[in-house]
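This report refers to the structure that appears directly beneath it.
Protein chains: 2
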Amino acid sequence: MGNTTIKVALLGAGNVGSQVARMLTEDAESLQDRIGASVELIGIAVRDTSAKRHYEAAPELYTTDADALIDAADVVIELTGGIEPARTRILRALNAGKSVVSGNKALLAKHGVELAAAAAKSGAQLSYEAAVAGAIPILRPLRDSLAGDQITRVLGIMNGTTNYILDQMDTTGAQFSDALAEAQRLGYAEADPTADIEGHDAASKAAIVASLAFHSDFTIDDVHCEGITSITADDVAAAAADGYVIKLLAVCEKDGEGVNIRVNPTLVPRSHPLASVHGAFNAVFVQAENAGELMFYGPGAGGAPTASAVLGDFVSLARRLVLGGPGIPESSFAQLAATPMNDVVSRYSVGIVVEDKLGVLANIARIFAEHGVSIETMRQAKGTGDGTSASIRIVTHRATDANLRKTMAVVDALDTVRDITSVIRVEG
Amino acid sequence: MGNTTIKVALLGAGNVGSQVARMLTEDAESLQDRIGASVELIGIAVRDTSAKRHYEAAPELYTTDADALIDAADVVIELTGGIEPARTRILRALNAGKSVVSGNKALLAKHGVELAAAAAKSGAQLSYEAAVAGAIPILRPLRDSLAGDQITRVLGIMNGTTNYILDQMDTTGAQFSDALAEAQRLGYAEADPTADIEGHDAASKAAIVASLAFHSDFTIDDVHCEGITSITADDVAAAAADGYVIKLLAVCEKDGEGVNIRVNPTLVPRSHPLASVHGAFNAVFVQAENAGELMFYGPGAGGAPTASAVLGDFVSLARRLVLGGPGIPESSFAQLAATPMNDVVSRYSVGIVVEDKLGVLANIARIFAEHGVSIETMRQAKGTGDGTSASIRIVTHRATDANLRKTMAVVDALDTVRDITSVIRVEG
Chain L
47 MGNTTIKVAL LGAGNVGSQV ARMLTEDAES LQDRIGASVE LIGIAVRDTS AKRHYEAAPE
107 LYTTDADALI DAADVVIELT GGIEPARTRI LRALNAGKSV VSGNKALLAK HGVELAAAAA
167 KSGAQLSYEA AVAGAIPILR PLRDSLAGDQ ITRVLGIMNG TTNYILDQMD TTGAQFSDAL
227 AEAQRLGYAE ADPTADIEGH DAASKAAIVA SLAFHSDFTI DDVHCEGITS ITADDVAAAA
287 ADGYVIKLLA VCEKDGEGVN IRVNPTLVPR SHPLASVHGA FNAVFVQAEN AGELMFYGPG
347 AGGAPTASAV LGDFVSLARR LVLGGPGIPE SSFAQLAATP MNDVVSRYSV GIVVEDKLGV
407 LANIARIFAE HGVSIETMRQ AKGTGDGTSA SIRIVTHRAT DANLRKTMAV VDALDTVRDI
467 TSVIRVEG
Chain S
47 MGNTTIKVAL LGAGNVGSQV ARMLTEDAES LQDRIGASVE LIGIAVRDTS AKRHYEAAPE
107 LYTTDADALI DAADVVIELT GGIEPARTRI LRALNAGKSV VSGNKALLAK HGVELAAAAA
167 KSGAQLSYEA AVAGAIPILR PLRDSLAGDQ ITRVLGIMNG TTNYILDQMD TTGAQFSDAL
227 AEAQRLGYAE ADPTADIEGH DAASKAAIVA SLAFHSDFTI DDVHCEGITS ITADDVAAAA
287 ADGYVIKLLA VCEKDGEGVN IRVNPTLVPR SHPLASVHGA FNAVFVQAEN AGELMFYGPG
347 AGGAPTASAV LGDFVSLARR LVLGGPGIPE SSFAQLAATP MNDVVSRYSV GIVVEDKLGV
407 LANIARIFAE HGVSIETMRQ AKGTGDGTSA SIRIVTHRAT DANLRKTMAV VDALDTVRDI
467 TSVIRVEG
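Chains as they are written, first to last, in the working numbering: chain L, 47 to 474; chain S, 47 to 474.
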């Protein structure tokens, strides 16, 4: 790659596309550091340039001529969804040797083999981490990190809408229709929720995951698909009574010399890691012969999280274009400094044994305040048994390490303090 | 890479090394498919060839001459641990342009910058996913998947020994010394547990993670480190009373223009995903500006899981050697078939409304048995309210989809069956 600017064409400016446009523009300097070349967003292809735009910063970038935009670009990011014209446009790019990042699960689950073949033929790269489980890195770990292992099974909660609905039914006892209505009201489900609640969305993702996990070409036609529309509040209650929660799972499992790929409601034991995936979150549980059981968890949808996955693909792919090799740059362009512990801010839990006398606690509280350490709770745990001393537990608001240490030194020197039993940081 | 065999030198034959030797040998055919070249383990360097060997299959591979082995290899896998002679040997390989996979966290946390520079200079690849969190893919997601995002914080349970001890203290009320003794008895802690319980092991991993997450060169000297030896049963009980659990966390967080890197015991709210990481498992929780909150969970140690991470690095790196490009092969070498749903085996939970009459349940049980579907539990949920019917819930043992469907068709046709309310698969 001779030029030092990578020209990017963005197809689609919806929820995810507009976030990608924002990140490519706002983070341009950081992206240049990461890639080793500057990045220019040369245009955003949309159906109607007069329609409301999610990304308003650069109205001059919008165009309806996707083909001209593709022809002028080095890399194409496709976020339009649907089979056509996305398929034809991606093939146009790949056939011309231009690398493509896509988040189009329906297209990849149907025509992934054709697209991969076009990329292989021209030497272009094709990446699509954003197509499965939003921001959660799952395709790269399957393809690279587990590349030396034998995957036996993948279980995934890969659709946030249905997980939100089932989680609501489980926690509130709601009927399916009420939970769906609530999900629609909150924007977790679309006006036409068919693709989510009938399992089609998860089925596309299952086909993509199974292809990578088992090194085979599967399409959505290989996936057995059942949705959650027949799940009743009674089913959920009966499952709960037996220690289960109902989840819509995408299951890809080795089965002799074949692979079974299906999406169906499943009773999952409460003790299973997937059982505690709540709300619209996604999680993918992987079993491999040597690695054992792994789980990947995070936001499975949403503009910014999905855009993060798109940008991750883009940076990795752009590094390879620039370096012409494995695409691993030196990691140290930022060269941030390690900050001294003195300045680190945290909450603290402090255990102190004091003499059981009037005024002792007030005195300790005053010392904390004098050192700028604000007390959130102070609790007398219990007498220590000798009748003259008491054990107290203080949880502080956020304070610097230096202030906390000074406070504890002064407290420790008090005649009325017998012992400082513990000083432990508090998360959250 | 002109030759079609990749010659591998293995340094170290301990717990992980012996598993790597086994996988390189036993899975040779599969590795060839994945890489596009055959793989030959040409030797295993050990200190003493007469010592007991974990991997017995090929005694002729063992040698004490590591340098000669390195010089004859294309790729070097270093699993000896410690700073020297590992550092000198890895530099010997990298300087000669030979790519290296290492699991040596202490070395990478101390001399990672020097090793990366040597690799960059000669164009060799250096990978070390196994150095952090065993089988859990965390370095590659940080480096590639989140390459377009701004990471703000990483919280990790990166040491299985201390997590086992703290988990025991939390669940049994044990004192530290008793929990440590139990961990030693079960092989989770070494005879000299210092590196684990004082936090040094986690600190090495924190330095490696912080370097990748924040694109900066950090070493173990930048990490503030506190162990768990002062944590008492009282501390654990007090934390529990307030809704917390104590975990040894590795924390890497952006702090203005710097990064704070530390390992310390921390009170984690029970509702936090890291709170439910039990036993010797590891988990890494990542916060990024756009991706939001992600978690990676799995076995953080052990011979086979760690060897899986080593092999993943090796296959990814070998693909790049063979392809000379981005190292992404077509995914379809295995070409497994999708299996028909009829043959899929699962447990089922079935809800049936029946007439409340003598013999109805026995008749249904007989029909299940006749179709080869074994009943695990049959439970009468309750009367349906009309006084003439009852709702029953059957959970089956594992049965094929075909047998279950035939069973349900016959049951559905019974005069005494009013409704089949649900048929849902059961996981676990």
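Positions of the beta carbon are idealized from the N, C-alpha and C atoms, including for glycine.
Nearest C-alpha to L:Gly-344 among S:Asn-61, S:Thr-352, S:Val-330: S:Val-330. With a threshold of 9 angstroms between beta carbons, S:Ala-286 makes no contact with chain L. Here L:Phe-327 is near L:Asn-209, since their CB atoms are less than 9 angstroms apart. Contact between S:Val-309 and S:Ser-262 is absent: CB atoms are separated by about 18 angstroms, not below the 8 angstroms threshold.
Across the structure, L:Lys-300 and L:Arg-199 are spaced so that their CA atoms are roughly 6 angstroms apart.
L:Ile-203 has a beta carbon lying at 9 angstroms or more from every beta carbon in chain S. Cβ proximity to chain L below 9 angstroms picks out Asp-288, Tyr-290, Ile-292, Lys-293, Leu-295, Val-297, Glu-299, Lys-300, Asp-301, Gly-302, Glu-303, Gly-304, Val-305, Asn-306, Ile-307, Arg-308, Asn-310, Pro-311, Thr-312, Leu-313, Val-314, Pro-315, Ser-317, His-318 from the stretch 288 to 318 of chain S. Here L:Thr-207 is actually not in contact with L:Ala-225; their C-beta atoms are around 10 angstroms apart, not less than 8 angstroms. Distances from the CA of L:Ile-52 to each of L:His-157, L:Ala-252, L:Ala-83, L:Gly-289 were compared; the closest alpha carbon is that of L:Ala-83. In the assembly as shown, S:Ser-468 is a buried residue. Its beta-carbon has 16 or more other beta-carbons within 10 Å.
Within the same chain, and ignoring the five residues on either side of S:Thr-109 in sequence, the residues whose Cβ sits closer than 8 angstroms to its Cβ are Gly-89, Ile-90, Ala-91, Val-92, Thr-95, Leu-115. Pairing L:Ala-227 with L:Gly-233, the inter-Cα distance amounts to about 10 angstroms. Interface criterion met: the Cβ of L:Phe-264 is under 9 angstroms from a Cβ in chain S. Nearest CB-CB separation between L:Glu-175 and chain S: below the 9 angstroms threshold.
Here the alpha carbon of S:Gly-397 sits roughly 7 angstroms from the alpha carbon of S:Ser-437. Nearest Cα to L:Leu-367 within the set L:Asp-447, L:Thr-434, L:Arg-80: L:Arg-80. In this structure, DSSP gives S:Arg-316 a state outside helix and strand, which the three-state scheme calls coil. According to the DSSP assignment, S:Ile-81 belongs to the alpha helix (DSSP H) that extends over 74 to 81.
Contacts with chain L at 9 angstroms (Cβ-Cβ) do not include S:Met-454. Within the stretch 323 to 347 of chain S, those residues whose Cβ lies closer than 7 angstroms to any Cβ of chain L are, in chain order, Ala-334, Asn-336, Ala-337, Gly-338, Glu-339, Leu-340, Met-341, Phe-342, Tyr-343, Gly-344, Pro-345. Straight-line spacing of the CA atoms in S:Val-282 and S:Asp-216 works out to 6 angstroms. Just measuring C-alpha positions, the residue of S:Leu-313, S:Leu-407, S:Ala-55, S:Ala-103 sitting nearest L:Thr-442 is S:Leu-313. Rounded to the nearest angstrom, the gap between the Cα atoms of S:Lys-144 and S:Met-69 is 21 angstroms.
Per DSSP, the unbroken alpha helix (DSSP H) holding L:Asp-447 starts and ends at 447 to 458. Look at L:Gln-196 here: in three-state DSSP terms it is coil, with no helix or strand label. Between the beta-carbon of L:Leu-201 and that of L:Leu-294 there is about 11 angstroms, and that puts the pair past the 8 angstroms contact cut.
Going by C-alpha positions, S:Thr-218 is about 19 angstroms away from S:Pro-311. Taken atom to atom, the span from the alpha-carbon of S:His-246 to that of S:Thr-265 is near 12 angstroms.
Burial check for S:Asp-190: the Cβ neighbour count within 10 Å reaches 16 or more, so the residue is buried. When 9 angstroms is used as the limit between beta carbons, L:Val-121 is near no residue of chain S, the shortest such separation being about 12 angstroms. Between L:Val-391 and L:Gly-149, the C-beta spacing is not below 9 angstroms. Annotation: the continuous beta strand (DSSP E) that includes S:Asp-465 extends over 463 to 472.
L:Leu-258 and L:Leu-320 have their C-alpha atoms spaced approximately 21 angstroms apart. Straight-line spacing of the CA atoms in L:Ala-170 and S:Gly-60 works out to 41 angstroms.
When Cβ-Cβ separations below 9 angstroms define contact, S:Arg-439 makes contact with chain L. Under the DSSP assignment, S:Gln-333 falls in the beta strand (DSSP E) whose first and last residues are 327 to 334.
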